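If you read the sequences in order, they're chains A and B. According to the numbering used here, the stretch in the first sequence is residues 1 to 113, in order. According to the numbering used here, the stretch in the second sequence is residues 1001 to 1114, in order.
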Amino acid sequence: SQELEQSPQSLIVQEGKNLTINCTSSKTLYGLYWYKQKYGEGLIFLMMLQKGGEEKSHEKITAKLDEKKQQSSLHITASQPSHAGIYLCGADMYHNAGNMLTFGGGTRLMVKP
Amino acid sequence: ETGVTQSPTHLIKTRGQQVTLRCSSQSGHNTVSWYQQALGQGPQFIFQYYREEENGRGNFPPRFSGLQFPNYSSELNVNALELDDSALYLCASSPPGREKLEQYFGPGTRLTVT
Chain A
1 SQELEQSPQS LIVQEGKNLT INCTSSKTLY GLYWYKQKYG EGLIFLMMLQ
51 KGGEEKSHEK ITAKLDEKKQ QSSLHITASQ PSHAGIYLCG ADMYHNAGNM
101 LTFGGGTRLM VKP
Chain B
1001 ETGVTQSPTH LIKTRGQQVT LRCSSQSGHN TVSWYQQALG QGPQFIFQYY
1051 REEENGRGNF PPRFSGLQFP NYSSELNVNA LELDDSALYL CASSPPGREK
1101 LEQYFGPGTR LTVT
């Protein structure tokens, strides 16, 4: 099993609907990153969470890190076709000095107009 | 735009050959990491370079090697290519002191091994 589990693996929603993507680890996460990737392209940074209970928002996307720092959720409100893509959570799991990230398997989001 | 560029965009190689992929980071970004992303999976950490020295390595064999240059560019070299090396290769860079806060990924190089 992966160290960082994402759910669901894929998601199809109607435009305007809300959705939530989860990222879960059995280990404490020292930093949790959310990225968006268009198919076959590079990763676009969305948000980074460090503190237990932290919540950040950008436009219609909100990310939270639970108090235990082992689970994060990404919530999109009133989804739009532009939200379609692959959402990846990446985590600093070993508290190393550099920027090695462990990634989940990704959640593939499709938004139907 | 992240300011991180990679070349080439796409590459096709034959099993057993060698390949060099290139990454150009933003000026001042002295930490660069390389990741391999197989189709349908999340990226996997290959290794990281800091000030031209390898500073961490994932579970990849020695035929994966790298270089980092003073001009903030870097290379990923793969020898004796195998079919399973087909993937999107991503580099990511960070400004000094902000490795844990800011990581900028390039668009990737799609490598196909036949």
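Glycine included, C-beta positions come from ideal geometry on N, C-alpha and C. Since the structure is predicted, the reported quantities are computational estimates derived from the model, not experimental observations.
Pair within 8 Å by beta-carbon distance, residue 1053(B) and residue 1070(B): On the second sequence, residue 1053(B) is found 53 positions in, with the first residue counted as 1. On the second sequence, residue 1070(B) is found 70 positions in, with the first residue counted as 1. No, the Cβ-Cβ distance between residue 1053(B) and residue 1070(B) is not below 8 Å.
Stretch-stretch touch, CB-based, cutoff 8 Å, three pairs: the stretch 1011-1029 of chain B with the stretch 47-54 of chain A: no
Nearest-angstrom Cα separation, counted from residue 1067(B) out to residue 1060(B): Against the second sequence, residue 1060(B) aligns to sequence position 60. Against the second sequence, residue 1067(B) aligns to sequence position 67. Whole-angstrom Cα-Cα distance: 16 Å.
Paired residues, beta bridge with residue 1032(B) - DSSP: Position 32 of the second sequence holds residue 1032(B). DSSP lists 1049(B), 1093(B) as partners of residue 1032(B).
Presumed contact (8 Å Cβ cut-off) between residue 1006(B) and residue 1097(B), rounded CB distance: Looking up residue 1006(B) in the second sequence gives position 6. Looking up residue 1097(B) in the second sequence gives position 97. With 8 Å as the limit, residue 1006(B) and residue 1097(B) do not qualify as a contact, their Cβ atoms being about 24 Å apart.
Chain A contact residues for residue 1045(B), given Cβ-Cβ distances below 9 Å: Along the second sequence, one-based indexing puts residue 1045(B) at 45. Within chain A, the residues near residue 1045(B) are 100, 101, 102, 103.
Endpoints, the beta strand (DSSP E) within which residue 38(A) is located: To locate residue 38(A), count along the first sequence from 1; it is residue 38. Segment: none, residue 38(A) is in no beta strand (DSSP E) and carries neither H nor E.
Buried/exposed call for residue 58(A), threshold 16 Cβ in 10 Å: Against the first sequence, residue 58(A) aligns to sequence position 58. Exposed, by the Cβ-count rule.
CA nearest to the CA of residue 1062(B), picked from 1042(B), 1088(B), 1047(B): Residue numbering aside, residue 1062(B) sits at position 62 when the second sequence is read from its first letter. Cα-wise, what sits closest to residue 1062(B) is 1047(B).
Length of the line joining the Cα atoms of residue 106(A) and residue 19(A): In the first sequence, residue 106(A) corresponds to position 106, counting from 1. In the first sequence, residue 19(A) corresponds to position 19, counting from 1. Cα to Cα, residue 106(A) sits roughly 15 Å from residue 19(A).
Inter-residue spacing [alpha-carbon to alpha-carbon] between residue 1079(B) and residue 1016(B): The sequence position of residue 1079(B) within the second sequence is 79, counting from 1. The sequence position of residue 1016(B) within the second sequence is 16, counting from 1. Near 7 Å, if we compare the C-alpha coordinates of residue 1016(B) and residue 1079(B).
Local Cβ density within 10 Å of residue 1010(B), reported as buried at 16 or more and exposed below that: Numbered from 1 along the second sequence, position 10 holds the residue referred to as residue 1010(B). Its Cβ having fewer than 16 others within 10 Å, residue 1010(B) is exposed.
Burial state of residue 1109(B) (16 or more Cβ within 10 Å): Here residue 1109(B) refers to the residue found at position 109 of the second sequence. Residue 1109(B) is buried by the Cβ-count criterion.
Own chain, CB closer than 8 Å to residue 25(A), minus 5 neighbours either side, in chain order: Locating residue 25(A) in the first sequence gives position 25, counting from the first residue. 3, 4, 5, 70, 71, 91, 93.
Interface residues of chain A facing residue 1107(B) [CB-CB closer than 8 Å]: Numbered from 1 along the second sequence, position 107 holds the residue referred to as residue 1107(B). Using a Cβ-Cβ cut-off of 8 Å, residue 1107(B) is close to 41, 42 of chain A, given in chain order.
Residue range of the beta strand (DSSP E) that includes residue 1071(B): Here the question's residue 1071(B) lines up with position 71 in the second sequence. Here residue 1071(B) belongs to no beta strand (DSSP E), and DSSP marks it neither H nor E.
Below-8 Å beta-carbon distance, residue 1088(B) vs any chain A residue: Walking along the second sequence from the start, residue 1088(B) turns up at place 88. Interface residue, yes.
Complete runs of the beta strand (DSSP E) confined to the stretch 17-93 of chain A [at least 3 residues]: 19-25, 31-37, 43-49, 55-58, 61-65, 71-76, 85-92
Limits of the unbroken beta strand (DSSP E) element including residue 110(A): In the first sequence, residue 110(A) corresponds to position 110, counting from 1. Where residue 110(A) is concerned, the enclosing beta strand (DSSP E) stretches over 107-112.
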